[in-house]
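A short worksheet on the structure shown next.
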Amino acid sequence: MAFIELSDLSKEYSLGETKTVALDGIDLEINRGQLVILYGPSGAGKTTLLNMIGGLDVPNSGTVTVDEIPVSTLSAKWLTTFRKQKIGVVFQFFNLLSRLNALENIEYAIDLIGVKQSDGSTSFNGKIIREKAKEYLEKVGLKDRMNHFPAQLSGGEQQRVSIARALAKEPEILLADEPTGNLDYKIGRNVLEIMEAMTGKAQNRTVVIVTHNPAICPLGDRVVRLSDGKVAENYTQKYTPAKELYW
Ligand SMILES: Nc1ncnc2c1ncn2[C@@H]1O[C@H](COP(=O)(O)OP(=O)(O)O)[C@@H](O)[C@H]1O
Ligand SMILES: [Mg+2]
1 MAFIELSDLS KEYSLGETKT VALDGIDLEI NRGQLVILYG PSGAGKTTLL
51 NMIGGLDVPN SGTVTVDEIP VSTLSAKWLT TFRKQKIGVV FQFFNLLSRL
101 NALENIEYAI DLIGVKQSDG STSFNGKIIR EKAKEYLEKV GLKDRMNHFP
151 AQLSGGEQQR VSIARALAKE PEILLADEPT GNLDYKIGRN VLEIMEAMTG
201 KAQNRTVVIV THNPAICPLG DRVVRLSDGK VAENYTQKYT PAKELYW
């Protein structure tokens, strides 16, 4: 069984009389350590699909299995545990807590699950959590900004804090929804390079990046193109869209 397996997955949203099919019979397998780009236009179902993998939304039919865990049928309590232990998330608008500085934002996330020790135990010691948070801020090149509040950081810096926050939990899976959607090209590139360096085969960490930007596709080990809630194309190798699709 693949590490992440989606089988005949469908999701429909109802708003009053209006029904929208967001996902329409998705079959997809993702191996551990892969960096997958989920690519497609606005409304294709990318965010819905990402939320299904992360246990943030439930399908109408079909199944989501992650590391042999039947995510789509877990109770709310086990879903919370699943998300805490397995999943790190990065959003387009960073979603940092504005009243906490960069370091505290990361500590806050680690607080929820503690720090795995080499003997297999989990520590909730404040000092150990602080060290872990600093280690990750350093990895994204922001140790000298640890006392800055989100409003005192640039967009690119805020996104780097949010990557550090997601990865400091050392999750097996990193999910990123349009992580560069709110950044200009050069800063976005830098954010993606940091993300790439901190994930993938070397770290045995699986990554799914959602984007509508074809220029991001070449970064992936593979690209899945979504259209109207369906897998329109499943490139199992590196894939670079034709230049005329670039903007
Ligand atoms: N909570 C919701 N209620 C109603 N419709 C929704 C909801 N979330 C998404 N949709 C609809 O489902 C479709 C897919 O949305 P989404 O997964 O956000 O696409 P994408 O991320 O590719 O832009 C869209 O038509 C969207 O309007
Ligand atoms: Mg979206």
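Just so you know, this note's numbering puts 241 at position 241 of the sequence shown, and the rest follows in order with no gaps.
We put the CB at the ideal spot given by N, CA and C, even for glycine.
Cβ-based neighbour list, residue 91, same chain, cut-off 6 Å, excluding 5 preceding and 5 following: What you label residue 91 is simply residue 91 of the sequence shown in a count that begins at 1. These residues qualify, in order along the chain: 177.
Neighbourhood of residue 65 by C-beta distance below 6 Å, restricted to the same chain and skipping five residues each side: Here residue 65 refers to the residue found at position 65 when the sequence shown is read from its first residue. The answer, listed in chain order, is 5.
For residue 25, the three-state DSSP class (helix, strand or coil): Within the sequence shown, residue 25 is the residue found at index 25, counting from 1. Three-state result, residue 25: strand.
Given residue 221 as reference, the closest of 208, 206, 229, 238 once Cα atoms are compared: Taking the sequence shown and counting its residues from 1, the one referred to as residue 221 is at position 221. Out of 208, 206, 229, 238, 238 has the C-alpha closest to the C-alpha of residue 221.
Residue 327 burial status per 10 Å Cβ neighbour count (16 or more: buried): This structure cannot settle anything about residue 327, because the visible part of the chain is limited to 1 through 247.
Whole-Å CB distance - residue 89 paired with residue 54, under 8 Å assumed: On the sequence shown, position 89 is the one that residue 89 refers to. On the sequence shown, position 54 is the one that residue 54 refers to. Rounded, the Cβ-Cβ distance is 6 Å, consistent with contact.
From 182, 131, 193, 228, residue whose alpha carbon lies closest to that of residue 95: Taking the sequence shown and counting its residues from 1, one reaches residue 95 at position 95. The candidate whose alpha carbon is nearest that of residue 95 is 182.
Segment contact flag, the stretch 118 to 130 with the stretch 155 to 167, C-beta cutoff 8 Å, min 3 pairs: Flag = no, the stretch 118 to 130 and the stretch 155 to 167 do not touch.
Ligand 2 heavy atom lying under 8 Å from the CB of residue 47: Within the sequence shown, the letter at position 47 stands for residue 47. Indeed, a heavy atom of ligand 2 lies less than 8 Å from the Cβ.
Residue 93 versus residue 170 - alpha carbon distance: For the purposes of this step, residue 93 is taken as the residue at position 93 of the sequence shown. For the purposes of this step, residue 170 is taken as the residue at position 170 of the sequence shown. Spanning the two alpha carbons is a distance of roughly 21 Å.
Any 3 or more C-beta pairs closer than 8 Å across the stretch 204 to 215 and the stretch 127 to 142: no
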